[in-house]
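Just so you know, the numbering used here puts 11 at position 4 of the sequence shown, and the rest follows in order with no gaps.
For every residue, glycine included, the Cβ atom is placed at its ideal position computed from N, Cα and C.
It should be emphasised that the depicted structure is a prediction, and the values quoted were computed from it without experimental measurement.
Report on the following structure.
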Amino acid sequence: MGMSSNWGLPMFGGFFMILFWIAIIVGVIFLIKWLIGYKPAETQTKETPLEILKRRYAQGEITKEEFENKKRDLGYN
8 MGMSSNWGLP
18 MFGGFFMILF
28 WIAIIVGVIF
38 LIKWLIGYKP
48 AETQTKETPL
58 EILKRRYAQG
68 EITKEEFENK
78 KRDLGYN
């Protein structure tokens, strides 16, 4: 008697092969997203010019006079 190449589970061989390829494809997708620095839309916040200006003033990057001038230049009175 010879050995069976499907290990006695002929009905599950195709199923596990499909699962294997799905796992490979999902892994490749996650690798690509990780390599390009993918971030979901909810984590990407866009600061307005005024918010950036307020943050820079709060961090001490610009003086009060610079803050007021730039705020006025941006159209915020």
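GLY67 carries a coil assignment under DSSP once its states are collapsed to helix, strand and coil. For LEU81, the secondary structure class from DSSP, reduced to helix, strand or coil, is coil.
Between LEU57 and PHE74 the beta-carbon gap is near 10 angstroms, outside 8 angstroms, which marks them as no contact. Assignment of GLU54 by DSSP, reduced to helix, strand and coil, places it in the coil class. When DSSP states are grouped into helix, strand and coil, GLY21 belongs to the helix group. Measuring C-alpha to C-alpha distances from ARG63 to each of PHE23, LYS77 and LYS53 identifies LYS77 as the nearest.
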